[in-house]
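Accompanying notes for the structure given below.
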Amino acid sequence: MATLELRSIHSTFTKKDLTKIIEKHNLNINPNLNRNNICKELLKYCEAPEYNLEYLFEENQFKKLSIKEKDNVILIAKKIKSFVKCGLDINKNLYSDLDNAISDAIYIGQYADISSVRKAVNSLNKALNIEIPMIISDNVKKILEEKEQIKKDSVPRLQVKQGKFWVEF
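Counting in our numbering, the sequence shown runs from 27 upward without gaps.
Okay, structure coming up:
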């Protein structure tokens, strides 16, 4: 037990990640606790081999970006959106040529879980009539599909009612 107290869960795991792990393994930990207390409780379960939670001590392999990198990706997305809004005019924008904008879009396309990245790449795709691939995680795909279904279901439709109606003026 002394070795576990020296070890701690890696900081790349957010509270949301930890609560998903708790739900996945049906652990008896209150998910309403703060991250620090959840980490303390999870350390007790890390010792048990049936849970196989050793990966919590290393960097989160599903966490692609640090906060600084994410800010940089969002800044690039803003530059691309500005470039498209200016009518792809190189004189009015920060890009020296079209190839730089496309290469930036390809770079940020791998982080399409971020909504501003999706909007920027989609706008450049439409403006240039090209197809830059975007990598979207399964969770985000599922959420986007649900939102799209809600949009489709909430579209007003024509309702025809038959019968006698009195209109007075």
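Here a beta-carbon is modelled for each residue, glycine too, at the ideal position from N, C-alpha and C.
Beta strand (DSSP E) runs wholly inside the segment 36–112, at least 3 long, in chain order:
none
For residue 141, does the three-state DSSP call read helix, strand or coil?
For the purposes of this step, residue 141 is taken as residue 115 along the sequence shown, with counting starting at 1. Residue 141 falls in the helix class under three-state DSSP.
Do you know how far the Cα of residue 170 is from the Cα of residue 124?
As a first step, residue 124 is located in the sequence shown; it is residue number 98 there, counting from the start. As a first step, residue 170 is located in the sequence shown; it is residue number 144 there, counting from the start. Taking the straight line from one Cα to the other gives about 30 Å.
Beta-carbon contacts of residue 38 that lie in its chain and below 7 Å, excluding the five residues immediately before and after:
The sequence position of residue 38 within the sequence shown is 12, counting from 1. The answer, listed in chain order, is 85, 86, 89.
Can you give the Cα-Cα distance for residue 192 and residue 167, rounded to whole angstroms?
On the sequence shown, residue 192 is found 166 positions in, with the first residue counted as 1. On the sequence shown, residue 167 is found 141 positions in, with the first residue counted as 1. Near 50 Å, if we compare the C-alpha coordinates of residue 167 and residue 192.
Tell me, to the nearest whole angstrom, how far the beta carbon of residue 127 is from that of residue 158; I am working on the premise that it is less than 8 Å.
To locate residue 127, count along the sequence shown from 1; it is residue 101. To locate residue 158, count along the sequence shown from 1; it is residue 132. Rounded, the Cβ-Cβ distance is 10 Å, inconsistent with contact.
Using DSSP with H/G/I as helix, E/B as strand and the rest coil, what is residue 165?
What you label residue 165 is simply residue 139 of the sequence shown in a count that begins at 1. In the structure shown, the three-state DSSP call for residue 165 is helix.
In the DSSP assignment, find the unbroken alpha helix (DSSP H) run with residue 126 in it and report its ends.
To locate residue 126, count along the sequence shown from 1; it is residue 100. Here the alpha helix (DSSP H) through residue 126 covers 124–134.
Can you tell me which of the three DSSP states residue 180 falls into?
Here the question's residue 180 lines up with position 154 in the sequence shown. Residue 180 falls in the coil class under three-state DSSP.
Cβ contact check for the segment 39–47 and the segment 58–67: 3 or more pairs under 8 Å:
Result yes; three or more Cβ-Cβ pairs closer than 8 Å.
Using DSSP with H/G/I as helix, E/B as strand and the rest coil, what is residue 170?
The residue labelled residue 170 in the question sits at position 144 within the sequence shown. Of the three classes helix, strand and coil, the one that applies to residue 170 here is helix, per DSSP.
By the 10 Å Cβ neighbour count, where 16 or more other Cβ atoms means buried, how is residue 146 classified, buried or exposed?
Start at 1 with the first residue of the sequence shown, and residue 146 comes out as number 120. Residue 146 should be labelled buried.
Kindly give me the distance between the Cβ atoms of residue 79 and residue 91, rounded to whole angstroms, as I take these residues to be in contact under 8 Å.
Here the question's residue 79 lines up with position 53 in the sequence shown. Here the question's residue 91 lines up with position 65 in the sequence shown. 24 Å between Cβ atoms; not a contact.
To the nearest angstrom, report how far apart residue 164 and residue 138 are at their CA atoms.
Taking the first residue of the sequence shown as 1, we reach residue 164 at position 138. Taking the first residue of the sequence shown as 1, we reach residue 138 at position 112. Distance between the alpha carbons of residue 164 and residue 138: 11 Å.
Return helix, strand or coil for residue 156, following the three-state DSSP convention.
For the purposes of this step, residue 156 is taken as the residue at position 130 of the sequence shown. In the structure shown, residue 156 sits in coil (DSSP, three-state: anything other than H, G, I, E or B).
Separation of residue 150 from residue 73, as counted between CA atoms
Here residue 73 refers to the residue found at position 47 when the sequence shown is read from its first residue. Here residue 150 refers to the residue found at position 124 when the sequence shown is read from its first residue. Going from the Cα of residue 73 to the Cα of residue 150 covers about 50 Å.
Please state whether the Cβ-Cβ distance between residue 82 and residue 35 is less than 8 Å.
Translated into positions along the sequence shown, residue 82 becomes position 56. Translated into positions along the sequence shown, residue 35 becomes position 9. It is a contact, given that the beta carbons lie within the stated cut-off.
Tell me the DSSP secondary structure of residue 27 in three-state form.
Residue 27 sits at position 1 when you count from the first residue of the sequence shown. At residue 27, the pLDDT of 42 sits below 50, so the modelled position is not reliable; the number obtained from the coordinates is stated separately. Coil, per DSSP.
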